[in-house]
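Asker:
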Amino acid sequence: MRKFAKSFATVAAISALALTSCGREDPGTGTEGGGEAAAGFEEGAAIGVALPQKTSENWVLAEKLFNEGLTEAGYEPSVQFANGGVSEQQNQISSMITNGVEVLVVGAIDGAQLGTQLQQAADAGITVIAYDRLLTNTENVEYYVAYDNFQVGELQGQALLDGMAERGEGPYNIELFAGSPDDANAQVFFDGAMSILQPKIDDGTLNVVSGQTEFNQAVTQGWEAGNAQTRMDTLLTGNYTSEELDGVLSPNDTLARAILTSVKASGKELPVVTGQDSEIESVKSIMADEQYSTINKDTRNLVAQAITMVEGLASGEEPEINDTESYDNGVKVVPAYLLEPQIVTKENAADAYADDPTLSELTK
Ligand code: GAL
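With my numbering as the guide, the letters of the sequence shown map in order to residues 11 to 374.
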C-alpha cells in the first residue's frame, strides 16, 4: 500500500462542536472507531499541546484556539511552541509528561525525532494525538487529526494546471517547490501534487526547465521564505534568461509570496503560483491577481476536531475517526480524522471565506 495513499472510510453520523470563541460549527463527520474505549479522565485534567514553530499564521492561530477551546471545555491546557527547534520540543514534551497531562496533542517540528518522548508518554498511559503533521516511525501515536494533506497536494497540482490553462495553451514551463524536509507533510503535499503533475510532465505538457523534479531538490528548509526566494533567484538566472516561466508549484503561502517577490525583482511576467493556508497577505495577493491560489484549511475546524477527540477520550469513548487506511507512519496505519481542504482562487474567495470576519473583508 502506498504510504499516505488517499482514501476515505465511509463516514456516518454528523457531530458538530461550535467554538464560542469564534462561532464556527465543526462540520466534522465520523464513524465510531474500533478498539476498546480509552480510560476516561476528569474535568480540569491537564492537556499538553506541543506546537512546532510559527512558520505560518495557522500555527499562531492554533495556539490561541487551543488555549481558548480547551479552557472552555473545562481542561487545563499547556500549549507550547518550540521556536528553538527539535530538542526544545523534545524537552517540552518530556516536561508535559512529567507534569501529568492526560492527553498529548503534538504538532511536530520533525515527527521522526520524538520516539523517546512518545515512548515515555506510552509508559505513562498518556494518549497521543498527532495534530496536522503525522508522527512517524513509532507505534506510540493513537490518532491523527489533520486536513487530508495528500488532497491538499492534489488540489495544488490541479490549480497549477487550471491557472496556466486560463492563460493559454501549453506546453508550459514550470518549477517545483516543496516544504521543509523535516515536516512529514512536505512529502505528502509534494506527492499529492505530483500525482497530478507527473503524467503531464511525462506527456510533455509540462516542462520543468531546471530538471529539478525530485522532492529533495525542491525542499525549502524550515519553511523559510528567504530560502525559497534565493532558490527562485537561482532558478531564474540559471534557466530563464530566454525562457518564460509559466507556473510554480508552491506548497504554502509564505513561500508563494517569496517566489513572487523573486520573479518581480527579475522583471519577468508573474507565473501562476499556488499556495496554502489562506494567509492574509496571500488572500490580498490573490485578489490583486498576483498569487493564483491558496488552500482553505480553516484552523478553527482543525483545533475544534482535536478538542472533540480529547472530549471523547475524557468520556472514556473511542474518539470519532473517518479514515483507517491512508496514513501509514512507517510502523502502523494511524487511525485518523481527516477534514476536507478547499482550493481557493479569486473566483471563489468570497464564498470560501464568507464566515471568516477577517478574510471576508478582503474579498469585497
Ligand atoms: C505544514 C502545514 C501547512 C503549512 C506548513 C508551514 O505542516 O500543514 O499548513 O502551514 O506547515 O508552516
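Just so you know, even glycine gets a beta-carbon here, dropped at the ideal spot from N, CA and C.
Regarding Thr65 and the ligand GAL, is the C-beta to nearest heavy atom distance less than 7 Å?
Answerer: If you number the sequence shown from 1, residue 65 lands on position 55. For the ligand GAL, at least one heavy atom lies less than 7 Å from the Cβ of Thr65.
Asker: Taking only the alpha-carbon atoms, compute the straight-line gap between Leu61 and Val89 and give it to the nearest angstrom.
Answerer: Position 51 of the sequence shown, counted from the start, is the residue given in the question as residue 61. Position 79 of the sequence shown, counted from the start, is the residue given in the question as residue 89. Answer to the nearest angstrom: the Cα atoms are 7 Å apart.
Asker: Which of the three DSSP states, helix, strand or coil, is assigned to Gln123?
Answerer: For the purposes of this step, residue 123 is taken as the residue at position 113 of the sequence shown. Here Gln123 sits in coil by DSSP.
Asker: Are the Cβ atoms of Leu114 and Gly58 separated by less than 8 Å?
Answerer: Looking up residue 114 in the sequence shown gives position 104. Looking up residue 58 in the sequence shown gives position 48. Yes, they are a contact pair.
Asker: Mark Glu254 as exposed unless 16 or more other C-beta atoms lie within 10 angstroms of its C-beta, in which case mark it buried.
Answerer: Taking the first residue of the sequence shown as 1, we reach residue 254 at position 244. Exposed, because fewer than 16 other Cβ atoms sit within 10 Å of the Cβ of Glu254.
Asker: When burial is assigned at 16 or more other CB atoms within 10 Å of the CB, is Ala47 buried or exposed?
Answerer: Taking the first residue of the sequence shown as 1, we reach residue 47 at position 37. Legend: pLDDT at Ala47 = 43, less than 50; position of this residue unreliable, no value from coordinates given.
Asker: Go to Asn195, then tell me how far its alpha helix (DSSP H) extends in each direction, as first and last residue.
Answerer: The residue given as residue 195 occupies position 185 in the sequence shown. Its alpha helix (DSSP H) spans residues Ala194 to Asp212.
Asker: Out of Asp338, Glu321 and Tyr337, which one is the CA nearest neighbour of Glu330?
Answerer: As a working note, residue 330 is residue 320 in the sequence shown. Of the listed residues, the one whose Cα sits closest to Glu330 is Glu321.
Asker: In chain order, what residues of the same chain lie with their CB nearer than 8 Å to the CB of Lys16, ignoring the 5 residues before and after it?
Answerer: Translated into the one-based positions of the sequence shown, residue 16 becomes position 6. For Lys16, the pLDDT reaches just 44, beneath the cut-off of 50, and the residue's location in the model is therefore unreliable, although a value from the coordinates is still provided. Contacts found: Asp158, Phe160, Gln161, Glu164, Gly202 and Ser336.
Asker: Considering Cα atoms alone, identify which of Leu80, Asn217 and Glu350 is closest to Ile184.
Answerer: Translated into the one-based positions of the sequence shown, residue 184 becomes position 174. Among Leu80, Asn217 and Glu350, the Cα nearest to that of Ile184 belongs to Asn217.
Asker: Hey, would you say Leu124 sits closer than 8 Å to Gln100, going by beta carbons?
Answerer: Translated into positions along the sequence shown, residue 124 becomes position 114. Translated into positions along the sequence shown, residue 100 becomes position 90. Yes, the Cβ-Cβ distance between Leu124 and Gln100 is below 8 Å.
Asker: Count the other CB atoms, across all protein chains shown, that sit within 10 Å of the CB of Ala367; report buried if there are 16 or more and exposed otherwise.
Answerer: Position 357 of the sequence shown, counting from 1, holds the residue named residue 367. The question names Ala, but residue 367 in the sequence shown is Pro. Classification for Pro367: exposed.
Asker: In the DSSP assignment, the alpha helix (DSSP H) including Phe160 goes from what residue to what residue?
Answerer: For the purposes of this step, residue 160 is taken as the residue at position 150 of the sequence shown. Where Phe160 is concerned, the enclosing alpha helix (DSSP H) stretches over Asn159 to Arg177.
Asker: Where does the unbroken alpha helix (DSSP H) through Gln239 begin, and where does it stop?
Answerer: Within the sequence shown, residue 239 is the residue found at index 229, counting from 1. Unbroken alpha helix (DSSP H) run through Gln239: Ala235 to Asn249.
Asker: How is the beta strand (DSSP E) around Asn217 delimited, first residue to last?
Answerer: Reading the sequence shown from its first residue, position 207 is the one you call residue 217. Per DSSP, Asn217 belongs to the beta strand (DSSP E) from Leu216 to Val218.
Asker: In its own chain, which residues sit with a C-beta less than 6 Å from the C-beta of Pro37, not counting the 5 before and 5 after it?
Answerer: In the sequence shown, residue 37 corresponds to position 27, counting from 1. In this predicted model, Pro37 has a pLDDT of only 38, less than 50, meaning its place in the structure is not dependable; the value taken from the coordinates is given anyway. So the list is empty, once near-sequence residues are dropped.
Asker: Go ahead and pull the three-state DSSP assignment for Ala359.
Answerer: Start at 1 with the first residue of the sequence shown, and residue 359 comes out as number 349. Correct three-state label for Ala359: helix.
Asker: Alpha helix (DSSP H) containing Val273: first to last residue?
Answerer: Residue mapping note: residue 273 aligns to position 263 of the sequence shown, counting from 1. From DSSP, the alpha helix (DSSP H) with Val273 extends over Asp263 to Ser276.
Asker: What's the C-alpha gap between Asn93 and Trp233?
Answerer: Position 83 of the sequence shown holds residue 93. Position 223 of the sequence shown holds residue 233. Near 13 Å, if we compare the C-alpha coordinates of Trp233 and Asn93.
Asker: Relative to the alpha-carbon of Glu73, which residue among Thr309, Thr355, Pro281 and Thr304 has its alpha-carbon at the smallest distance?
Answerer: In the sequence shown, counting from the first residue as 1, residue 73 sits at position 63. It is Thr309 whose Cα lies nearest to the Cα of Glu73.
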